[in-house]
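Visitor: My questions will all concern the structure given below.
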Amino acid sequence: MKRLATYIFSAYLIIAAASCTERSESIYESDLKRIDQALERSDEYLRIKQQKISTIENMLNSRGVTSLQQYNIYDQLFLEYQPFQFDKAKEMLDRQLDIALEIGNDSLRLGAMLDKAMLLTTAGFYLEADDVFAQIDTSALGRDQMTEWYNARQKFLHDYQEYVTTSSIEVPDASKITHYQDCILENTPADLPVNRHIRILRMIEDKDFEKAYSENLRFIESLDKDSRDYAVQTYWQGFICENLDRTAEIIKWWTESALCDIRGAIKDNASLCSIAIKLSDPQDTDRAFRYINISLDDALFYNAKLRKVQIASTLPWIIKTYTDSKELQSRYRSRYLIMTTCIALLLLVFCVVTIRLYVKGRRNASEIESKNMQLAEYYHSVIDAEENLKQTNLDLVEANAAKEEYLGLFLSMCSGYLDKLKKNLTRDQFDAELKNFYKTFDTSFLSLYPTFVEEFNALLKEDSRVKIKDGELLSTELRIFALIKLGITQSSHIASLLRYSVNTIYNYRAQVKNAALENRENFEETVKKIGSKR
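Taking this note's numbering, the leading residue of the sequence shown gets 236, the next gets one more, and so forth.
As structure tokens, then:
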């Protein structure tokens, strides 16, 4: 894995350099955009897959579930996990085997063993698969199970011959693969998917790609676009087109396969990696690297060794892209050389300065130590001063909070006294007392926050800023927001203190907030912070 990570990192560096070249529209751009759009929704598709699995798993907890029903539920889970998570798929098969042994059903046991042999084969665990094959008594297999046996064996021998170079298992000859394929063709209907798939593989092995193209196209047209078979056969169609040099169709079919894999949250996939290899144009190197990374993430999630090895082997193809784009980057070489030379000179200067400082430091070690001690003492004094400053700030904050609280209480008491005096005063006398009340409040508030008016206006649009009349300290709008600053936020309370109706207070607040320079929703919170940094 460390070597793989090194390869990927090296490829990334090369791709990053190659991506500096001028970009042009890829001939596959429309197909690649479809893949990119699907990849953006990959998390959504993954959630759907996981929800489906959870729904099936919940069936196991239903009351009265028989052992046979449990076997069938685990079979459904195996089909979901088979292209999704290797370890979980293997676990489902092991549970099926336990149930089959428990109820003594040999047919179910053999069915689970056939599935396990095929799973281990496709994942690249050939020694383990060979052990499972050795445990299967073919004389006890039914007709359909024999077809599965033939298919699993031909797949095992074909893949083993292709991917394994050294092992303790005897290397099979091609005649055995042909024998098992013949058995499938002879014992299954021509329209059965496995029969059609084997016939197409035969055509590919015989290099009859034109016939394989036509036959596979008819097969694809009969498949559900969201099925696993559709993803597999469209991948093979791209492979066939590659051998026919039908460049425009290669990415088309691999795109269909990749889209099917993405929509189905299929982690055991090959098409996206194949597309990355095909993107050899310099302008597609970033995308190729991204696709390779996604393919590697899928392979690690699926956790089968074969796919990880296959993806690792594609990295040289990505690096080859850089080699092909060297000519396009020649104009940057002189710039890189100058930069490298400058860095080398800077390093040389740095080394010289470092050596001189080191020599000087050795000569003045005692002086430096003394200064360090002084600095340490200074540092501790600064820390102490900082702690004192923090405590002072806390005291100031508490003092300001107390002042605000007392001022609010004072206003409430004054307002209450005015209400009591109102019955014993004439209109003119009451207005004079009210005016004096406002002046007292204005003076007290501004003594706490002398810059309140300037800071408040700074929060408003220029044409909406509050202008104070001659003889006034605060306008009605400013008094309203001064009360809000003091923590009195309810319009009914403000209206009671300032002798206005609740609607009037509400309208004043709305009018001022609409004139705010920034977010009106946070305007009052901003007003509360005025003067808090003093």
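Backbone N, C-alpha and C define an ideal beta-carbon position, used for all residues, glycine too.
The structure displayed is predicted, hence computed values, not measured ones.
Is Leu669 helix, strand or coil when you go by DSSP?
Guide: For the purposes of this step, residue 669 is identified with residue 434 of the sequence shown, where counting begins at 1. Three-state DSSP puts Leu669 in a helix.
Visitor: By the 10 Å Cβ neighbour count, where 16 or more other Cβ atoms means buried, how is Arg330 classified, buried or exposed?
Guide: Stepping through the sequence shown from its first residue, residue 330 is reached at position 95. So Arg330 counts as buried.
Visitor: Hey, quick one: how far does the alpha helix (DSSP H) through Glu707 stretch, first residue to last?
Guide: By 1-based counting over the sequence shown, the position of residue 707 is 472. From DSSP, Glu707 is part of no alpha helix (DSSP H); its letter is neither H nor E.
Visitor: Output needed for Tyr448: all residues of its chain with C-beta closer than 6 angstroms, excluding positions within five of it in sequence on either side, in chain order.
Guide: By 1-based counting over the sequence shown, the position of residue 448 is 213. Excluding sequence neighbours, Tyr448 sits near Ile475.
Visitor: With distances taken between CB atoms, is the gap from Ala387 to Leu336 smaller than 9 angstroms?
Guide: The residue you call residue 387 lines up with position 152 of the sequence shown. The residue you call residue 336 lines up with position 101 of the sequence shown. Against a cut-off of 9 angstroms, the Cβ pair of Leu336 and Ala387 comes out as no contact.
Visitor: Would you mind stating whether Leu695 and Asp519 have Cβ atoms separated by less than 9 angstroms?
Guide: By 1-based counting over the sequence shown, the position of residue 695 is 460. By 1-based counting over the sequence shown, the position of residue 519 is 284. No, the pair does not count as a contact, with Cβ atoms beyond the cut-off.
Visitor: By the three-class DSSP mapping on this structure, what secondary structure does Ala751 have?
Guide: Mapped onto the sequence shown, residue 751 falls at position 516. Note: Ala751 maps to strand in three-state DSSP.
Visitor: Can you tell me which of the three DSSP states Asn757 falls into?
Guide: In the sequence shown, counting from the first residue as 1, residue 757 sits at position 522. Reduced to three states, the DSSP call for Asn757 is helix.
Visitor: Using the Cα positions of Lys561 and Thr373, report the straight-line distance between them to the nearest angstrom.
Guide: Walking along the sequence shown from the start, residue 561 turns up at place 326. Walking along the sequence shown from the start, residue 373 turns up at place 138. Confidence is the limiting factor: at Lys561 the pLDDT is only 48, short of 50, which leaves the residue's position unreliable, though a coordinate-based value still follows. Approximately 58 angstroms, taken between the alpha carbons.
Visitor: List the endpoints of the continuous alpha helix (DSSP H) containing Thr686.
Guide: As a working mapping, residue 686 is identified with position 451 in the sequence shown. Here Thr686 belongs to no alpha helix (DSSP H), and DSSP marks it neither H nor E.
Visitor: To the nearest angstrom, report how far apart Thr490 and Ile510 are at their CA atoms.
Guide: The residue you call residue 490 lines up with position 255 of the sequence shown. The residue you call residue 510 lines up with position 275 of the sequence shown. Straight-line Cα distance between these residues: approximately 8 angstroms.
Visitor: State the beta-bridge partners of Leu695 as determined by DSSP.
Guide: Indexing the sequence shown from 1 puts residue 695 at position 460. DSSP lists Ala751 as partners of Leu695.
Visitor: Going by C-alpha to C-alpha distance, which of Glu697, Leu721, Asp663 sits closest to Leu681?
Guide: Taking the sequence shown and counting its residues from 1, one reaches residue 681 at position 446. The option with the nearest alpha carbon to Leu681 is Leu721.
Visitor: Could you tell me whether the stretch 692-708 touches the stretch 740-754, using the rule of 3 or more Cβ pairs below 8 angstroms?
Guide: Touching, yes, given that three or more Cβ pairs across the two stretches are closer than 8 angstroms.
Visitor: Do you know how far the Cα of Gly346 is from the Cα of Ile250?
Guide: Mapped onto the sequence shown, residue 250 falls at position 15. Mapped onto the sequence shown, residue 346 falls at position 111. In this prediction, Ile250 scores a pLDDT of 47, lower than 50, which makes its location untrustworthy; no coordinate-derived value is stated.
Visitor: Do you know offhand how far Cys586's Cα is from Phe524's?
Guide: Counted from its first residue, the sequence shown places residue 586 at position 351. Counted from its first residue, the sequence shown places residue 524 at position 289. Their backbone Cα atoms lie some 38 angstroms apart in a straight line.
Visitor: State the Cα-Cα distance for the pair Lys670 and Ser767, rounded to the nearest angstrom.
Guide: Residue mapping note: residue 670 aligns to position 435 of the sequence shown, counting from 1. Residue mapping note: residue 767 aligns to position 532 of the sequence shown, counting from 1. Distance between the alpha carbons of Lys670 and Ser767 is about 29 angstroms.
Visitor: Which residues in the same chain as Tyr684 place their Cβ atom closer than 6 angstroms to its Cβ, once the five residues preceding and following it in sequence are excluded?
Guide: Translated into positions along the sequence shown, residue 684 becomes position 449. Here the set comprises Gly766.
Visitor: Pick helix, strand or coil for Gly473, following the three-state DSSP scheme.
Guide: Here residue 473 refers to the residue found at position 238 of the sequence shown. In the structure shown, Gly473 sits in a helix (DSSP, three-state: H, G or I).
Visitor: Using only the alpha-carbon positions, how far apart do Asp441 and Asp379 sit?
Guide: For the purposes of this step, residue 441 is identified with residue 206 of the sequence shown, where counting begins at 1. For the purposes of this step, residue 379 is identified with residue 144 of the sequence shown, where counting begins at 1. The alpha-carbon atoms of Asp441 and Asp379 are separated by roughly 27 angstroms.
Visitor: Beta-carbon separation of Asp503 and Phe319 under 9 angstroms?
Guide: Position 268 of the sequence shown, counting from 1, holds the residue named residue 503. Position 84 of the sequence shown, counting from 1, holds the residue named residue 319. Yes, Cβ-Cβ distance for Asp503 and Phe319 is below 9 angstroms.
Visitor: Just to confirm my understanding: we take Asn477, look at its own chain, exclude 5 residues before and 5 after, and list those with CB closer than 7 angstroms. What are they?
Guide: Walking along the sequence shown from the start, residue 477 turns up at place 242. Contrary to the premise, residue 477 reads as Glu rather than Asn in this sequence. Only Ile485 meet the Cβ criterion.
Visitor: Does DSSP put Ile346 in a helix, in a strand, or in coil?
Guide: Indexing the sequence shown from 1 puts residue 346 at position 111. Reading the sequence as shown, one finds Gly at residue 346 and not Ile. Of the three classes helix, strand and coil, the one that applies to Gly346 here is helix, per DSSP.
Visitor: Using the Cβ count rule (16 or more neighbours within 10 Å means buried), how would you classify Ser699?
Guide: Stepping through the sequence shown from its first residue, residue 699 is reached at position 464. Flag for Ser699 reads exposed.
Visitor: Check whether the Cβ atoms of Phe360 and Ala539 lie closer than 9 angstroms to each other.
Guide: In the sequence shown, the residue the question calls residue 360 occupies position 125. In the sequence shown, the residue the question calls residue 539 occupies position 304. Yes, the Cβ-Cβ distance between Phe360 and Ala539 is below 9 angstroms.
Visitor: Could you give the first and the last residue of the continuous alpha helix (DSSP H) run that contains Asp271?
Guide: Position 36 of the sequence shown holds residue 271. Asp271 -> alpha helix (DSSP H) spans 264-275.
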